[in-house]
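Novice: Chains as they are written, first to last, in the working numbering: chain D, 39 to 446; chain F, 7 to 433.
Have a look at this one:
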């Protein structure tokens, strides 16, 4: 109220956009550790003696959480001591091994950037694209097909062609729900989910039939031509490849497109207030379709990136749920391209560390999904976070609204 | 003056679009009629016959019905002619409010033609197939009923998939530990209600967008069920072995030829679904409670003015819907395979929502459309036996594609509750 409080209010207003996501992530991890503790037999055993030895049971709980998150960190970033030792020894193999976890995190972050951008572009137009997973599959199928069948091309032509094929496939897959939404008013949430299932079945069929590598017993495709592989920068165990930089470039492009072009402005206006956009003479149908197809193209690129940069072939269920995680990270990044990149690096780190957590602490990787769901919940309902940490609300615009019934 | 002209022009516009739509339907009917002929009659040898078995496996020898044998070519041609006639009539004058029914009829004829074509010179157990259809329709119906309970009160619930998945897991776990199916079932109902309560709190109290809130619960459920399944059930198989509810034949009804075996010799989940259908139908449309719920879903402000507690009604309905979904979730494990597998619901909750829309937010409409989806589901498994030259993966796509077509074709005209999806703020 008084003037003396004004500076703190200014600070609060500046800080809250960063503070809220940070607290949301922190709180989600606290809940995650609850799940870890409650499903750990040794901890539950220790808690049986809680009355007589409270210290012992608490330290058992603390140890379980520490092992879990410690191995998560070590799996995702590596151990600093090892890195220093490796650098001092100067042996390139040792250096590679020591820095392997951190490069793997970036490898995992790359598809997240694409898929997160996909969902974010949809959000900006008021569309909820839950179909990123299916679009990603179709993108991967298309680019693997181009990567296998086109022969004798120089890499500088072949790689862009394969990436474009992936984008086109994803865009095509998103076009179906887009046109159904624009013309018939069918809600894109259900339709994109249905398209996911159709995409899974389609890839299952392709990998058991037309695309199957003849000499293999498993449903996997042949390897792509070397000319279609995204170049890697380091010797072998390290899979860090050019896709990461392509992703950064695409993020910059999406930023330019959304905030510096007329079409981007129109898309954002349709998302913010469709009636106002219509009143201003914008073509809602066209904008919806363009935004959805762009979203699908980005998701398709995520799939293309995985097959061209990491796997070099297509296997069934190759995606570790990137499409679904991307919803969480688009919300976390406030649907802003740069926010999405940061969130994607964070999620990539979690995802690549979770494998080690599973091996060391016997905690299934699915705990990451639980934590992600909680992150979305806290981001979408900042009031919960504010209530827990007794933060005061500052006038900030809340997120997009999708629930407009089932019709148009 | 101005006002009356606007009314007139709106009216004529509406009529115009109605006629255009009616014509589109007529054209679609004709196209389907042509497809029936072209796909399923063309090139079929007229001497071939299709054989349909009409008995369930467990029928006594003296009660057995003879197989139903029909000429493949003639039947398909006849069905395509009938479809064409309906299409022509639709183009000429339209069926008005019966257009839906005609669409359903034509789809049925298309499917039956397909079956006749697929079984040319072969035989298929039609009764068994209908029976699996009803089985597959049960969780879809329960999902749709859950959706109806929520949406009639104005809360969109796309979390049904997640509720079912979690309930399926809890049912298995609890029933295995307690060695008692009923305790598992109760645990499933409570799980559904608890997760639905989270959805209710997020979307009613915190006014989180209901789609996001539903997605949160879906992702959470996928994560936590896979987590528990990987951490415990795969390590200790005893935790994943609850057994299943036995089939119980209803004394008189189950002896009706064909239909008795299809509808009335099943387990408690099927009967529970029937019971819920009737209770929700009567409750929604013939009781004071139902009138209040519908008022809250259509015009919460008016309901509030009349002294109905809007928020409490919504909380209660969402949690009741959660219990219905929990019951449906328990079907997957205790009523069907007797074992939990990761992400075993495979989109049935979403298909339930489509069935709800297809059935215009009414219980029996939803049941009817669930039967169609269930049929599409069972078609895939049965046709694999018939060596139909279509890869099984394409048949497995059928329910999902049917869902999309249903949504696209009907969502414009099936009108949801007016306040569906909108948070209510008391003034």
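The beta carbon of each residue, even a glycine, is placed where N, CA and C say it ideally should be.
1) Hey, is residue 350/F's beta-carbon within less than 8 Å of any beta-carbon in chain D?
2) For the region 398-417 of chain F, list every residue whose C-beta sits within 8 Å of some C-beta in chain D, in sequence order.
3) Compute every distance between the C-beta of residue 209/D and the non-hydrogen atoms of the ligand PLP, then say whether any falls below 7 Å.
4) For residue 258/D, which of helix, strand or coil comes out of DSSP?
5) Here's a check: name, in chain order, each residue in its chain whose Cβ is nearer than 6 Å to the Cβ of residue 275/F, leaving out the five neighbours to either side.
6) DSSP on residue 270/D, reduced to helix/strand/coil?
7) Tell me which same chain residues have a C-beta within less than 6 Å of the C-beta of residue 197/F, skipping the five on either side of it?
8) Less than 8 Å between CB atoms is the rule here; does residue 393/D satisfy it with respect to chain F?
9) Ignoring anything shorter than 3 residues, give me the beta strand (DSSP E) runs that lie fully in the region 185-238 of chain D, in order along the chain.
10) Quick one: measure Cβ to Cβ for residue 56/F and residue 76/F, integer angstroms, because I've assumed they're closer than 8 Å.
11) For residue 407/D and residue 366/D, I'd like the C-alpha separation in whole angstroms.
12) Kindly indicate the opening and closing residues of the alpha helix (DSSP H) around residue 378/D.
13) Do you know offhand how far residue 206/F's Cα is from residue 422/F's?
14) Would you check if the region 197-208 of chain D and the region 164-180 of chain D touch, i.e. whether three or more CB-CB distances between them fall below 8 Å?
15) Whole alpha helix (DSSP H) runs in the region 349-412 of chain F with 4 or more residues, listed along the chain?
16) In this structure, how does DSSP classify residue 240/F when only helix, strand and coil are distinguished?
17) Would you please state the rounded distance, in angstroms, between the beta carbons of residue 353/D and residue 370/D? I believe it to be under 8 Å.
18) Pull up the distance between the alpha-carbon of residue 379/F and that of residue 236/F, whole angstroms please.
19) Taking only runs that begin and end inside the region 87-168 of chain D, name each unbroken alpha helix (DSSP H) of 4 or more residues, in chain order.
20) Could you work out which residues of chain F lie near residue 218/D, taking near to mean beta carbons separated by less than 8 Å?
21) Determine whether the beta carbon atoms of residue 141/F and residue 303/F lie at a separation below 8 Å.
22) In chain order, what residues of the same chain lie with their CB nearer than 6 Å to the CB of residue 428/F, ignoring the 5 residues before and after it?
23) Could you check whether the region 209-224 of chain D touches the region 321-335 of chain D, counting it as contact only if at least three pairs of C-beta atoms, one from each stretch, sit closer than 8 Å?
24) With 8 Å as the threshold, decide whether the Cβ of residue 410/D is near any Cβ in chain F.
25) Since residue 197/F is in the alpha helix (DSSP H), which residue starts that stretch and which ends it?
26) What residues in the region 197-217 of chain F bring their beta carbon closer than 7 Å to a beta carbon of chain D?
27) Could you work out which residue in 310/F, 155/F and 178/F is closest to residue 288/F when comparing CA atoms only?
28) Check whether the Cβ of residue 232/D lies closer than 8 Å to any Cβ atom in chain F.
29) Give every residue of the same chain whose Cβ lies closer than 7 Å to the Cβ of residue 409/D, excluding the five residues on either side of it in the sequence, and list them in chain order.
30) Can you check whether the C-beta of residue 179/F is within less than 8 Å of a C-beta belonging to chain D?
31) Nearest-angstrom Cα distance between residue 216/F and residue 324/D?
32) Going along the region 216-235 of chain F in order, which residues come within less than 9 Å of chain D, judged by CB to CB distance?
33) Starting from residue 59/F and walking both ways along the beta strand (DSSP E), at which residues does that stretch end?
34) Note the first and the last residue of the continuous beta strand (DSSP E) segment covering residue 82/F.
35) What would DSSP say about residue 287/F, mapped onto helix, strand or coil?
36) List the residues of chain D whose Cβ lies closer than 8 Å to the Cβ of residue 356/F, in chain order.
Specialist: By the coordinates alone:
1) no
2) 399, 400, 402, 403, 406, 407, 409, 410, 413, 414, 415 and 417
3) Looking for the ligand PLP in the displayed structure turns up nothing, as the structure carries no ligands at all.
4) strand
5) 144, 337 and 341
6) DSSP places residue 270/D in strand when its eight states are reduced to three.
7) 172, 173, 176 and 332
8) no
9) none
10) 6 Å
11) Cα to Cα, residue 407/D sits roughly 10 Å from residue 366/D.
12) 375-399
13) 19 Å
14) Yes, the region 164-180 of chain D touches the region 197-208 of chain D.
15) 354-364 and 369-391
16) Correct three-state label for residue 240/F: coil.
17) In fact, because the Cβ distance is near 29 Å, the residues do not count as touching under 8 Å.
18) For residue 379/F and residue 236/F, the distance between alpha carbons rounds to 31 Å.
19) 92-115, 118-127 and 130-162
20) Within chain F, the residues near residue 218/D are 410, 413 and 414.
21) no
22) none
23) yes
24) yes
25) 187-206
26) 208, 212, 214, 215, 216 and 217
27) 155/F
28) Chain F, which has a Cβ nearer than 8 Å to the Cβ of residue 232/D, makes this yes.
29) 66, 67 and 70
30) False, the Cβ-Cβ gap to chain D never drops below 8 Å.
31) When rounded, the distance between both Cα atoms is 26 Å.
32) 216, 217, 218, 219, 220, 221, 222, 223, 224, 225, 226, 227, 228, 229, 230, 231, 232, 233, 234 and 235
33) 55-59
34) For residue 82/F, there is no enclosing beta strand (DSSP E); the enclosing alpha helix (DSSP H) has its first and last residue at 78-98.
35) helix
36) 228, 231 and 232
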